[in-house]
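Residue numbers (our numbering), protein chains in the order written: chain A, 1 to 248; chain B, 1001 to 1229; chain C, 2001 to 2044. These notes are about the structure you will find just below.
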Amino acid sequence: MNTETQTFKGVGTPATRLYGLMAIVALGWVFLGGLFFTPEDAVQGDAVRIMYVHVPTAWIAYLAFIVTGVASACWMIGKKHSMGFDRVAGASAEVGVLFMAMTLLSGSLWGRITWGTYWVWDPRLTTTAFLFVTYIGYLAVRGLGGTAQQRARRSSVIALLAVLEIPLVHFSVVLWRSLHQRATVLSPDGDIKMDGIMLFTLLFGVFGFSVLFAWLVSHRQRIMAMQDAQQTTAIDVAVAERLKEAQA
Amino acid sequence: MSMSTSRIARAVAAKDLRIELRSRVVTNQVLPFSGLVMVMFAFALDNDDVLQRTAGGLVWLATLFSLFILVQRTFAVETYDGALDSLRVAGVNPQGIFIGKSAALFVQLLMLESVLFIAAVVLYRVNVNGSGAVLLVTCILCATAGLAFVGTLYGGLTAGARGRETLLPLLLLPVVAPVLICATRATESAFRSGGVTVGEGWPWVAVLAVFAAVFGLGGLLSFGSLIEE
Amino acid sequence: MNHAGFIIATYGVTFGVIIGLVVYTIKQGRNLSRTVADKDKPWT
Chain A
1 MNTETQTFKG VGTPATRLYG LMAIVALGWV FLGGLFFTPE DAVQGDAVRI MYVHVPTAWI
61 AYLAFIVTGV ASACWMIGKK HSMGFDRVAG ASAEVGVLFM AMTLLSGSLW GRITWGTYWV
121 WDPRLTTTAF LFVTYIGYLA VRGLGGTAQQ RARRSSVIAL LAVLEIPLVH FSVVLWRSLH
181 QRATVLSPDG DIKMDGIMLF TLLFGVFGFS VLFAWLVSHR QRIMAMQDAQ QTTAIDVAVA
241 ERLKEAQA
Chain B
1001 MSMSTSRIAR AVAAKDLRIE LRSRVVTNQV LPFSGLVMVM FAFALDNDDV LQRTAGGLVW
1061 LATLFSLFIL VQRTFAVETY DGALDSLRVA GVNPQGIFIG KSAALFVQLL MLESVLFIAA
1121 VVLYRVNVNG SGAVLLVTCI LCATAGLAFV GTLYGGLTAG ARGRETLLPL LLLPVVAPVL
1181 ICATRATESA FRSGGVTVGE GWPWVAVLAV FAAVFGLGGL LSFGSLIEE
Chain C
2001 MNHAGFIIAT YGVTFGVIIG LVVYTIKQGR NLSRTVADKD KPWT
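Right, here's the structure in full:
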């Protein structure tokens, strides 16, 4: 169908190609610099190398959920209920869940080295875990089926309820932990003395992961747009066939 | 023909409770189930001191497990003969439906919890004194209101969706985690388990009240767009 | 390198997942744009 109008072979545009290129350069540096070029830390030794991927992935994971919340609010407030906002919200949550999983994994490996344990019941970690599960639920709601409008309405409500839920979870975990003996753990990225190349690698990593996020979200929301269009076309075709049957 | 929100709420709540009263599913199935959960906890922990110490948390866990069943039931009644659709098509105020269904759920949960707390006194040997009882009742009321609101909210969302039986716990559990934390701590204070005093329980009840208020308001604002398809 | 296993696992998983997601996204985009008309591609 429509093979003659087929001119664009993918979802890339000059802008996303630029982001992609920047992401490749920056992430290439993080990989080589983080593993080989940067020195070890005086206190943490080689374990500090985990920071160069852990901190940027954590940043992207939180950023993704902020984007999802804001885009859902925009969808709901906007008079036109523009589907673009819904797709950005969904694409951002997909990327966020994956990055959150990587953050939790690299964080617990780092914690095993520096704290001697994979997990501590610290409010920041616990809230992060809840954020992860909540957005898995959000994606499950997006997958419930129905029209794109139904999906947008349901998922925007869920995203905004999550914005209510997460502070409550965080607050009650803070209150819960403050009763127990204060966990004597240091924040993992605390007492690290950063020299020039370490700081540069960290900041360049944050930059690289941010452009990667932009690339992923723009591509994935375009894919979602095509999937929605495909579904609409399929429905139109089915309706046309039924009409023909009825007339015959 | 617009009925006032409170009249709709009362009608919906009365209808739900009447259905439960007639079908006896709550008394004949959900209550025995949660009682069994309490017994199973005793098997798993296998220590009288630990049971006494953790009784508060176990009661609230059993309540949460039963909450999923109750929420699924209260919306199964609505969807299987398209009752929710008829209400929607008839233009019934969704806020009235939300309040009514929350109220019915609230009453069923309260009934369940009172049985569970009696079971805790009998099976787990906890003691409650006068001031502890005041704290406990306030805690139960605030926690149950919060549970009823979020249960109705997420139940309405998953009603009629494929795979809702598995989706509902996934969505609800993270949301009710603050209720579990706060209600458990307040209940432990009321039971004075592990040396905590009754007075230490009240800040937790405050968080429970905030939770109920936030999700009550959130439900009023969003329930309409959740059930409208 | 101390704790080499942990560090390599972290880098391996992080970069592996990213590369996997990027490849999957590009493939999915190409496959879909073969069947979808240009008018449904608002970015073009």
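Using N, Cα and C, we set each Cβ at its ideal position, and we do this for glycine too.
Inter-residue Cα distance where the pair is residue i and residue j
| i | j | result |
| --- | --- | --- |
| arginine 154 of chain A | valine 48 of chain A | 42 Å |
| alanine 152 of chain A | alanine 1013 of chain B | 30 Å |
| serine 1102 of chain B | alanine 246 of chain A | 46 Å |
| leucine 186 of chain A | methionine 224 of chain A | For leucine 186 of chain A, the pLDDT reaches just 49, beneath the cut-off of 50, and the residue's location in the model is therefore unreliable, leaving the point undetermined. |
| leucine 139 of chain A | valine 1128 of chain B | 44 Å |
| leucine 1045 of chain B | alanine 26 of chain A | 52 Å |
| leucine 1135 of chain B | glycine 1082 of chain B | 42 Å |
| alanine 91 of chain A | isoleucine 1099 of chain B | 34 Å |
| glycine 84 of chain A | leucine 1036 of chain B | 49 Å |
| glycine 1057 of chain B | leucine 1031 of chain B | 18 Å |
| alanine 1076 of chain B | glycine 1224 of chain B | 18 Å |
| glycine 12 of chain A | lysine 2041 of chain C | 11 Å |
| proline 56 of chain A | tryptophan 75 of chain A | 28 Å |
| valine 1025 of chain B | isoleucine 1019 of chain B | 9 Å |
| cysteine 1142 of chain B | valine 1115 of chain B | 18 Å |
| isoleucine 50 of chain A | isoleucine 2008 of chain C | 9 Å |
| valine 95 of chain A | serine 1193 of chain B | 44 Å |
| methionine 2001 of chain C | glycine 2012 of chain C | 16 Å |
Buried or exposed by the 16-neighbour rule on C-beta atoms within 10 Å, applied to residue i
| i | result |
| --- | --- |
| threonine 1144 of chain B | buried |
| threonine 114 of chain A | buried |
| glycine 1091 of chain B | exposed |
| serine 1004 of chain B | exposed |
| proline 1178 of chain B | buried |
| threonine 1197 of chain B | exposed |
| threonine 1166 of chain B | exposed |
| glutamine 221 of chain A | buried |
| leucine 1153 of chain B | buried |
| proline 1094 of chain B | buried |
| serine 1023 of chain B | exposed |
| phenylalanine 36 of chain A | exposed |
| methionine 1215 of chain B | Looking at the sequence provided, one finds phenylalanine at residue 1215 of chain B rather than methionine. Label assigned to phenylalanine 1215 of chain B: buried. |
| proline 167 of chain A | exposed |
| alanine 2004 of chain C | exposed |
Cross-chain neighbours of residue i in chain C, by beta carbon under 9 Å
| i | result |
| --- | --- |
| glutamine 230 of chain A | Leu2032, Thr2035, Val2036, Asp2040 |
| valine 70 of chain A | Per Cβ cutoff of 9 Å: no residues; valine 70 of chain A is ~20 Å from chain C at best. |
| threonine 147 of chain A | None at all; the shortest Cβ gap to chain C is about 16 Å. |
Local conformation of residue i per DSSP, three classes
| i | result |
| --- | --- |
| glycine 1195 of chain B | helix |
| glycine 45 of chain A | strand |
| leucine 1135 of chain B | helix |
| proline 1203 of chain B | helix |
| tyrosine 1124 of chain B | coil |
| arginine 182 of chain A | In this prediction, arginine 182 of chain A scores a pLDDT of 48, lower than 50, which makes its location untrustworthy; no coordinate-derived value is stated. |
| isoleucine 2002 of chain C | Checking the displayed sequence, the identity of residue 2002 of chain C turns out to be asparagine instead of isoleucine. In this structure, asparagine 2002 of chain C counts as coil in the three-state DSSP scheme. |
| glycine 111 of chain A | helix |
| glycine 116 of chain A | coil |
| aspartate 236 of chain A | helix |
| leucine 1141 of chain B | helix |
| tryptophan 29 of chain A | helix |
| serine 1225 of chain B | helix |
| alanine 64 of chain A | helix |
| valine 1092 of chain B | coil |
Where residue i meets chain A, residues with beta-carbon distance less than 8 Å
| i | result |
| --- | --- |
| serine 1222 of chain B | Val157, Leu160, Leu161 |
| phenylalanine 1211 of chain B | Leu168 |
Contact set between residue i and chain C, taken where Cβ atoms lie within less than 7 Å
| i | result |
| --- | --- |
| glycine 45 of chain A | Asn2002 |
| alanine 238 of chain A | Going along chain C, no residue has its Cβ under 7 Å from alanine 238 of chain A, so there is no contact; the nearest lies around 16 Å. |
| phenylalanine 31 of chain A | Tyr2011, Phe2015 |
| valine 67 of chain A | By Cβ distance, chain C contributes nothing, its closest Cβ being about 17 Å from valine 67 of chain A, past 7 Å. |
Within chain B, partners of residue i - CB distance below 8 Å
| i | result |
| --- | --- |
| arginine 154 of chain A | Leu1157, Leu1226 |
Amino acids of chain A, ordered along the chain, whose beta-carbon sits closer than 9 Å to that of residue i
| i | result |
| --- | --- |
| cysteine 1182 of chain B | Ser172, Leu175, Trp176 |
Amino acids of chain A, ordered along the chain, whose beta-carbon sits closer than 7 Å to that of residue i
| i | result |
| --- | --- |
| valine 2013 of chain C | Met102, Leu105 |
| arginine 1088 of chain B | Neighbours of arginine 1088 of chain B on chain A: none; closest Cβ ~13 Å, over 7 Å. |
| valine 2017 of chain C | Leu98, Met102 |
| proline 1178 of chain B | Leu168, Val169, Ser172 |
| glycine 1218 of chain B | Leu161, Leu164 |
| leucine 1135 of chain B | Those do not exist, as leucine 1135 of chain B stays about 16 Å from chain A at its closest Cβ, beyond 7 Å. |
Chain-ordered chain B contacts of residue i [CB-CB under 7 Å]
| i | result |
| --- | --- |
| threonine 134 of chain A | Pro1174 |
Distance cut-off 7 Å: residue i Cβ against heavy atoms of the ligand COA
| i | result |
| --- | --- |
| alanine 1209 of chain B | This structure simply doesn't include the ligand COA, nor any ligand for that matter. |
Chain-ordered chain C contacts of residue i [CB-CB under 8 Å]
| i | result |
| --- | --- |
| leucine 216 of chain A | Leu2021, Val2022, Thr2025 |
Can you give me, in chain order, the residues of the segment 77 to 97 of chain A that have a beta carbon less than 7 Å from any beta carbon in chain B? none
Below 8 Å between beta carbons is the criterion; list the residues of the segment 1048 to 1078 of chain B that meet it against any residue of chain A, in chain order. none
Could you please tell me which residues of the segment 119 to 133 of chain A, in chain order, have their CB closer than 7 Å to any CB of chain B? Phe130, Val133
Any residues in the segment 1184 to 1208 of chain B with a beta carbon nearer than 8 Å to a beta carbon of chain A? Which ones, in chain order? Arg1185, Pro1203, Trp1204, Val1207
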